[in-house]
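Taking it in order: structure first as C-alpha coordinates, then the write-up.
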Amino acid sequence: MTTGGAIYTILSGDANLIAVVPVTGIVAVNAPMNTANPMIMYSKSSTVPEYDKVSGNVMTLQYEVDIFSNSHVQAEEIADLVRAALDLYVGSFTGFEFNRIRFDGEDDRGFDPDNNSYHVAQGYTIRIKYD
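What follows is the structure in C-alpha coordinates.
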(Lines of atoms letter the chains of each structure in order from A; the text may use other names.)
(Lines give C-alpha, C1' and ligand atoms only; values in the text may rest on other atoms or scores of the structure.)
Protein backbone atom coordinates (compact mmCIF):
# COMPACT_ATOMS: atom_id res chain seq x y z
CA MET A 8 0.00 0.00 0.00
CA THR A 9 1.11 3.58 -0.58
CA THR A 10 0.90 6.38 1.97
CA GLY A 11 -1.72 8.06 -0.21
CA GLY A 12 -3.71 4.84 -0.20
CA ALA A 13 -3.49 4.82 3.59
CA ILE A 14 -4.83 8.40 3.75
CA TYR A 15 -7.73 7.33 1.52
CA THR A 16 -8.39 4.31 3.76
CA ILE A 17 -8.51 6.49 6.87
CA LEU A 18 -10.79 9.12 5.32
CA SER A 19 -13.12 6.73 3.49
CA GLY A 20 -13.40 4.56 6.61
CA ASP A 21 -14.64 7.39 8.82
CA ALA A 22 -18.42 7.03 9.15
CA ASN A 23 -18.98 10.65 10.20
CA LEU A 24 -17.04 11.94 7.20
CA ILE A 25 -18.63 9.73 4.55
CA ALA A 26 -22.06 10.69 5.86
CA VAL A 27 -21.29 14.14 4.40
CA VAL A 28 -18.81 13.43 1.58
CA PRO A 29 -19.42 10.38 -0.61
CA VAL A 30 -16.49 8.00 -0.97
CA THR A 31 -16.34 8.94 -4.68
CA GLY A 32 -15.68 12.53 -3.55
CA ILE A 33 -12.40 11.60 -1.81
CA VAL A 34 -9.63 11.77 -4.41
CA ALA A 35 -5.86 11.94 -4.66
CA VAL A 36 -3.95 14.76 -6.38
CA ASN A 37 -6.45 15.71 -9.12
CA ALA A 38 -10.19 15.30 -9.26
CA PRO A 39 -11.79 13.82 -12.37
CA MET A 40 -13.65 16.30 -14.54
CA ASN A 41 -17.10 17.22 -13.26
CA THR A 42 -16.57 15.80 -9.77
CA ALA A 43 -19.42 17.16 -7.69
CA ASN A 44 -19.03 18.98 -4.40
CA PRO A 45 -18.50 18.26 -1.59
CA MET A 46 -15.06 16.89 -2.32
CA ILE A 47 -11.80 16.16 -0.50
CA MET A 48 -8.53 16.13 -2.44
CA TYR A 49 -5.23 15.12 -0.83
CA SER A 50 -1.67 15.25 -2.10
CA LYS A 51 1.85 14.68 -0.80
CA SER A 52 3.90 17.87 -0.94
CA SER A 53 7.23 16.65 0.46
CA THR A 54 9.17 13.62 1.66
CA VAL A 55 12.17 13.87 3.99
CA PRO A 56 13.98 10.56 4.64
CA GLU A 57 15.82 9.92 7.90
CA TYR A 58 18.14 6.98 8.44
CA ASP A 59 19.52 5.85 11.76
CA LYS A 60 20.58 2.59 13.35
CA VAL A 61 18.01 2.75 16.13
CA SER A 62 14.82 3.73 14.28
CA GLY A 63 15.57 2.19 10.90
CA ASN A 64 14.00 3.70 7.80
CA VAL A 65 11.89 6.64 8.93
CA MET A 66 10.41 9.41 6.81
CA THR A 67 8.54 12.60 7.44
CA LEU A 68 5.87 13.41 4.87
CA GLN A 69 3.90 16.59 4.34
CA TYR A 70 0.37 16.22 3.00
CA GLU A 71 -2.08 18.88 1.96
CA VAL A 72 -5.80 18.18 2.18
CA ASP A 73 -8.14 20.44 0.21
CA ILE A 74 -11.85 20.56 0.99
CA PHE A 75 -14.36 21.93 -1.52
CA SER A 76 -18.06 22.61 -1.02
CA ASN A 77 -20.81 24.80 -2.44
CA SER A 78 -21.38 26.12 1.10
CA HIS A 79 -18.78 27.82 3.29
CA VAL A 80 -20.39 26.39 6.43
CA GLN A 81 -20.28 22.88 5.01
CA ALA A 82 -16.64 23.30 3.91
CA GLU A 83 -15.73 24.24 7.50
CA GLU A 84 -17.74 21.33 8.91
CA ILE A 85 -16.01 18.88 6.55
CA ALA A 86 -12.62 20.36 7.50
CA ASP A 87 -13.42 19.63 11.15
CA LEU A 88 -14.37 16.04 10.28
CA VAL A 89 -11.17 15.54 8.26
CA ARG A 90 -9.10 16.84 11.17
CA ALA A 91 -10.93 14.52 13.58
CA ALA A 92 -10.15 11.54 11.30
CA LEU A 93 -6.47 12.34 10.67
CA ASP A 94 -5.03 14.33 13.58
CA LEU A 95 -2.94 12.15 15.94
CA TYR A 96 -3.76 9.01 13.93
CA VAL A 97 -1.45 6.05 14.57
CA GLY A 98 -1.72 2.78 12.65
CA SER A 99 -0.07 0.05 10.60
CA PHE A 100 -0.45 -0.62 6.90
CA THR A 101 1.20 -3.12 4.58
CA GLY A 102 4.89 -2.20 4.45
CA PHE A 103 4.87 0.76 6.85
CA GLU A 104 3.29 2.30 9.90
CA PHE A 105 2.11 5.80 10.64
CA ASN A 106 3.85 6.70 13.89
CA ARG A 107 1.68 9.79 14.06
CA ILE A 108 -0.21 12.23 11.87
CA ARG A 109 -0.03 15.79 13.14
CA PHE A 110 -2.34 18.61 12.08
CA ASP A 111 -0.19 21.63 11.10
CA GLY A 112 -2.84 24.22 10.30
CA GLU A 113 -5.70 25.33 8.13
CA ASP A 114 -6.58 28.29 5.97
CA ASP A 115 -9.65 29.46 4.15
CA ARG A 116 -8.86 29.95 0.47
CA GLY A 117 -12.16 31.65 -0.29
CA PHE A 118 -14.79 31.27 -2.95
CA ASP A 119 -14.16 30.27 -6.57
CA PRO A 120 -17.07 31.65 -8.62
CA ASP A 121 -16.06 29.67 -11.73
CA ASN A 122 -16.61 26.40 -9.88
CA ASN A 123 -19.13 27.63 -7.30
CA SER A 124 -16.83 26.25 -4.57
CA TYR A 125 -15.57 27.30 -1.17
CA HIS A 126 -12.08 25.98 -0.49
CA VAL A 127 -10.45 25.12 2.84
CA ALA A 128 -6.84 23.84 2.88
CA GLN A 129 -5.21 21.86 5.67
CA GLY A 130 -1.64 20.72 6.25
CA TYR A 131 -0.47 17.53 7.97
CA THR A 132 2.92 16.12 8.92
CA ILE A 133 3.14 12.33 8.93
CA ARG A 134 6.01 10.42 10.49
CA ILE A 135 6.24 6.93 9.06
CA LYS A 136 8.46 3.92 9.63
CA TYR A 137 8.99 1.39 6.87
CA ASP A 138 9.18 -2.32 7.65
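In terms of my numbering, the sequence shown is residues 8 to 138. By construction, the Cβ of each residue, glycine as well, lies at the ideal position given by its N, Cα and C atoms.
Identity of the residues DSSP links to residue i by a beta bridge
i, result
"residue 32", "Bridge partners of residue 32: none, in fact."
"residue 84", "Answer is none; residue 84 lacks a bridge partner."
"residue 143", "This structure does not reach residue 143, given that the chain is present from 8 up to 138, and the question cannot be answered."
"residue 116", "For residue 116, which the question treats as bridged, DSSP gives no partner whatsoever."
"residue 49", "35 and 72"
For residue i, three-class secondary structure by DSSP
i, result
"residue 20", "coil"
"residue 102", "coil"
"residue 13", "helix"
Residue i versus residue j - alpha carbon distance
i, j, result
"residue 38", "residue 104", "27 Å"
"residue 97", "residue 117", "31 Å"
"residue 124", "residue 94", "25 Å"
"residue 120", "residue 12", "31 Å"
"residue 16", "residue 10", "10 Å"
"residue 83", "residue 127", "7 Å"
"residue 75", "residue 112", "17 Å"
"residue 50", "residue 90", "15 Å"
"residue 29", "residue 73", "15 Å"
"residue 22", "residue 92", "10 Å"
"residue 32", "residue 58", "36 Å"
Limits of the beta strand (DSSP E) - the one that residue i falls within
i, result
"residue 127", "124-137"
Residue i CB to nearest heavy atom of the ligand MN below 7 Å
i, result
"residue 18", "With respect to the ligand MN, the structure shown offers nothing to examine, as it has no ligands at all."
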